[in-house]
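Residue numbers (our numbering), protein chains in the order written: chain V, 27 to 843; chain G, 20 to 93. Just so you know, even glycine gets a beta-carbon here, dropped at the ideal spot from N, CA and C. Here the structure is a predicted model, which is why all the values come from computation and not from measurement. Notes follow the structure.
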């Protein structure tokens with residue numbers, strides 16, 4: 027609002043974990059403003075607090091602006107007191123005054139200002155009121171930084187604070203020494219480790235003072251600090267705040283009567299999730315029908331620029347260019363979906379429904395080591411027919427419990443990816459055309475169970491010692507979202523997706539291209555394909571000899587350029603459906619080459635019609651050779667070799683090397699699995715035979731093979747895009763690698779078990795799938811009913827459970843005994 | 020008696036907090052200090068967690084954690 031940078035305040039604690047900054051000037055004063063993550067306090071140990079605290083310690087801001095929710099003054103003043111103690115001038119901004127007034131809360135700002143001895147300004151963020159006053163105050167403060175230390179009297183604790191203050195050696199710290207000693211008494215890890223440079227035994231000293239106080243007064247230090255601050259906040263509230271409508275029900279109260287009602291909550295939640303799914307995934311998918319031509323036009327543009335093929339000799343650069351454009355397009359195609367999805371999430375965040383969603387479902391997720399807030403990531407990942415793990419994982423950011431957050435990140439990729447759907451449809455169409463609906467039901471629901479099992483498995487093994495956070499979550503009042511806020515955030519997140527995901531995926535696409543291209547064809551094969559294509563050309567030539575247009579097509583180069591012209595026309599024509607569009611394409615091609623155009627639309631010209639017919643024939647023959655070359659290349663490529671080398675193992679699951687290659691290439695983007703499988707099983711008459719039929723007839727697979735493939739695909743590793751997001755969100759390559767190899771292992775084990783069971787017991791496809799489904803559901807029930815520990819957090823002050831400090835405390839405790 | 024034993028619609032006063040470490044810090048930060056009044060608003064549809072009103076705002080707490088807050092019903 028103030029600094030010109032866009033500062034979003036979501037109605038969902040923990041949304042902004044990063045800090046954002048902006049620079050501006052006011053009356054020749056240069057101001058840099060940094061927006062720190064919102065926090066409730068300065069003494070507990072959430073990520074937001076650590077970020078904020080470390081910023082203040084390291085960067086030493088000149089002024090702290092404490093934005094306070096005026097409609098909830100008391101709890102906010104608790105933080106204000108902690109900020110005042112730091113020793114940096116504080117400006118208190120009473121935000122949302124409009125909301126407070128509406129609720130009949132009268133605040134005497136002047137009185138607060140007098141009591142806190144710091145400037146207090148009223149604003150209402152949504153209406154940008156109070157901006158100038160705040161700027162003027164900053165300006166005034168910077169000119170006369172005469173700051174008097176703020177002291178909150180801690181009564182019986184005072185002697186202990188003073189004692190510690192004397193023991194602390196500080197260098198160039200312009201922070202209040204008193205504050206530092208209070209923080210050491212509160213056992214603040216950030217401060218303790220900072221002070222231990224100059225005062226090595228600070229932890230011991232602080233511990234001694236703390237224990238001395240606790241033994242003398244039989245009071246807990248931490249609670250004592252908190253009570254004193256709350257009492258002080260209470261005093262201010264008593265004197266400066268008048269609540270006129272204290273017992274009136276607010277809109278939030280009334281809304282929650284229905285939204286959180288025991289009987290209505292779950293149906294409403296389901297409706298909301300269903301609406302999100304319909305609007306983003308289903309509607310978004312429809313929108314891609316309209317945006318796809320744009321991407322296809324981009325592809326055509328690139329093809330236009332790249333050197334053209336000389337009959338069956340396609341330049342490497344052209345191959346590469348097309349591959350890269352295809353890879354980029356596959357991801358860019360999802361942008362409409364993401365845009366809608368992110369906008370809807372932003373609305374949910376702003377409205378304040380997210381914490382309520384967590385409230386409703388926490389009990390279910392808790393059983394599997396997850397958190398109420400895991401709902402949305404799992405839904406986005408594809409709780410229904412399909413979703414996408416990328417936005418799913420991106421939305422895990424707000425989960426405060428580190429263990430649950432990691433478990434969510436690692437289980438979201440098991441949800442049903444939208445891009446897997448074509449693959450399933452291909453296999454189901456080929457092998458289960460009679461039971462398609464049942465199989466689809468199995469596939470789309472089994473993923474939820476698998477994600478839950480995986481989450482439970484991980485949280486009780488590898489993630490067992492991760493930091494967890496208690497489920498203490500505010501349910502904020504409902505707010506109306508602003509259009510601008512929602513749109514800006516949706517675009518911001520889409521941009522993040524493009525920037526981070528697409529760029530890295532393209533880099534990996536280069537590697538995959540190399541893996542698929544090299545070492546390339548053997549010289550015998552090359553010769554063989556050359557002969558093949560020459561034979562076709564000669565055949566064409568023979569038929570054309572008597573044609574009156576022979577002079578136009580009497581060399582290989584001429585034929586090749588005509589063929590390119592023909593193919594190009596067809597692909598451009600395919601993109602336009604309107605009459606005018608078609609006319610435009612016709613005109614453009616006529617202008618380019620009038621004679622060639624005659625062969626494309628021969629009308630009544632007899633000779634031209636013959637050429638047209640033969641041209642079509644030639645084109646399909648050429649495509650057949652190109653496809654053969656491609657398959658041969660894949661078979662010989664490094665990726666093909668990898669596929670072959672895995673065959674001894676994968677054959678137990680019924681996968682031959684071709685399937686392995688399809689799975690390997692699907693890593694880049696799921697769509698390519700279908701493309702690869704499709705192209706491997708397409709035969710030369712593919713024009714009138716759909717890929718499903720071709721596969722059913724030509725592959726030699728049984729439905730049982732298909733089930734094994736489906737099971738592997740259900741469990742299979744996430745695509746590269748997802749891996750990148752896992753890396754970003756966990757900030758660790760280790761977890762990224764884990765997220766790749768764990769599912770592969772799980773997938774191959776499950777596929778082999780079912781395939782072997784199916785083979786030995788002569789099960790058909792449906793039976794095998796039912797068996798798998800039943801096993802998964804049973805496992806979920808067992809795992810879910812497995813008793814979970816009542817207290818599910820560990821550690822405390824120390825972020826690392828095996829730190830020296832905790833050992834020290836333990837040894838102290840032992841001594842005491 | 021633990022906070023988890025209070026029925027919806029009733030108000031209780033905090034007597035003692037038996038939590039330690041991180042949970043204690045978090046509870047204190049959210050305003051769960053001795054003597055504070057808490058109104059139990061409702062339970063979640065699946066009976067856990069529970070929604071509370073404290074210092075004029077709403078908060079949700081799992082019952083396992085509410086159990087650690089000793090209260091006296093008013």
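Rounded to whole angstroms, what is the Cα-Cα separation between residue i and residue j?
| i | j | result |
| --- | --- | --- |
| residue 264 of chain V | residue 22 of chain G | 27 Å |
| residue 821 of chain V | residue 243 of chain V | Unreliable placement is indicated for residue 821 of chain V, whose pLDDT of 49 sits below 50; no coordinate value is reported for it. |
| residue 656 of chain V | residue 330 of chain V | 21 Å |
| residue 474 of chain V | residue 523 of chain V | 25 Å |
| residue 66 of chain V | residue 446 of chain V | 42 Å |
| residue 425 of chain V | residue 494 of chain V | 10 Å |
| residue 478 of chain V | residue 452 of chain V | 27 Å |
| residue 775 of chain V | residue 299 of chain V | 33 Å |
| residue 341 of chain V | residue 588 of chain V | 17 Å |
| residue 549 of chain V | residue 414 of chain V | 43 Å |
| residue 346 of chain V | residue 333 of chain V | 11 Å |
| residue 54 of chain G | residue 91 of chain G | 10 Å |
| residue 139 of chain V | residue 102 of chain V | 15 Å |
| residue 627 of chain V | residue 637 of chain V | 10 Å |
| residue 26 of chain G | residue 808 of chain V | 32 Å |
| residue 75 of chain G | residue 127 of chain V | 15 Å |
Could you tell me which chain V residues have their CB closer than 7 Å to the CB of residue i, listed as they occur along the chain?
| i | result |
| --- | --- |
| residue 46 of chain G | 498 |
| residue 74 of chain G | 100, 101 |
Confirm, please, whether the CB-CB distance from residue j to residue i is below 8 Å.
| i | j | result |
| --- | --- | --- |
| residue 538 of chain V | residue 765 of chain V | no |
| residue 408 of chain V | residue 441 of chain V | yes |
| residue 36 of chain G | residue 87 of chain G | yes |
| residue 236 of chain V | residue 247 of chain V | yes |
| residue 111 of chain V | residue 208 of chain V | yes |
| residue 438 of chain V | residue 419 of chain V | yes |
| residue 797 of chain V | residue 778 of chain V | no |
| residue 326 of chain V | residue 598 of chain V | yes |
| residue 251 of chain V | residue 213 of chain V | no |
| residue 337 of chain V | residue 582 of chain V | yes |
| residue 109 of chain V | residue 84 of chain V | no |
Output yes if chain V places a C-beta closer than 8 Å to the C-beta of residue i; else output no.
| i | result |
| --- | --- |
| residue 34 of chain G | no |
| residue 78 of chain G | yes |
| residue 49 of chain G | yes |
| residue 42 of chain G | yes |
| residue 84 of chain G | yes |
| residue 70 of chain G | yes |
Note down, in chain order, every chain G residue with its Cβ under 9 Å from the Cβ of residue i.
| i | result |
| --- | --- |
| residue 852 of chain V | Chain V is shown only over 27 to 843; residue 852 of chain V falls outside these bounds and no answer can be derived. |
| residue 218 of chain V | Near residue 218 of chain V there are no residues of chain G at all, since even the closest Cβ is about 15 Å away, more than 9 Å. |
Answer with yes or no whether the minimum CB distance from residue i to chain G is below 8 Å.
| i | result |
| --- | --- |
| residue 760 of chain V | no |
| residue 475 of chain V | no |
| residue 133 of chain V | no |
| residue 385 of chain V | yes |
| residue 858 of chain V | Not covered by the structure: residue 858 of chain V. The range shown for chain V is 27 to 843. |
| residue 67 of chain V | yes |
| residue 104 of chain V | yes |
| residue 501 of chain V | yes |
Which chain G residues sit within Cβ distance under 7 Å of residue i?
| i | result |
| --- | --- |
| residue 253 of chain V | 52, 53 |
Going along chain V, which residues have a C-beta under 9 Å from residue i?
| i | result |
| --- | --- |
| residue 22 of chain G | The contacting residues do not exist; residue 22 of chain G stays about 12 Å from chain V at best. |
| residue 89 of chain G | By Cβ distance, chain V contributes nothing, its closest Cβ being about 13 Å from residue 89 of chain G, past 9 Å. |
### Task
Check distances from the C-beta atoms of the stretch 431–456 of chain V to those of chain G and list, in chain order, the residues that come in under 9 Å.
Taking 9 Å as the Cβ-Cβ cut-off against chain G, none of the residues of the stretch 431–456 of chain V qualify.
### Task
Check each residue of the stretch 234–263 of chain V: if its Cβ is closer than 7 Å to any Cβ of chain G, include it; give the result in chain order.
Listed in sequence order: 248, 249, 252, 253, 256.
### Task
Could you name the residues of the stretch 267–294 of chain V whose beta carbon sits closer than 7 Å to any beta carbon of chain G, in the order they occur along the chain?
When CB distances to chain G are screened at a threshold of 7 Å, the residues of the stretch 267–294 of chain V falling below it are 286, 288, 291, 292, in chain order.
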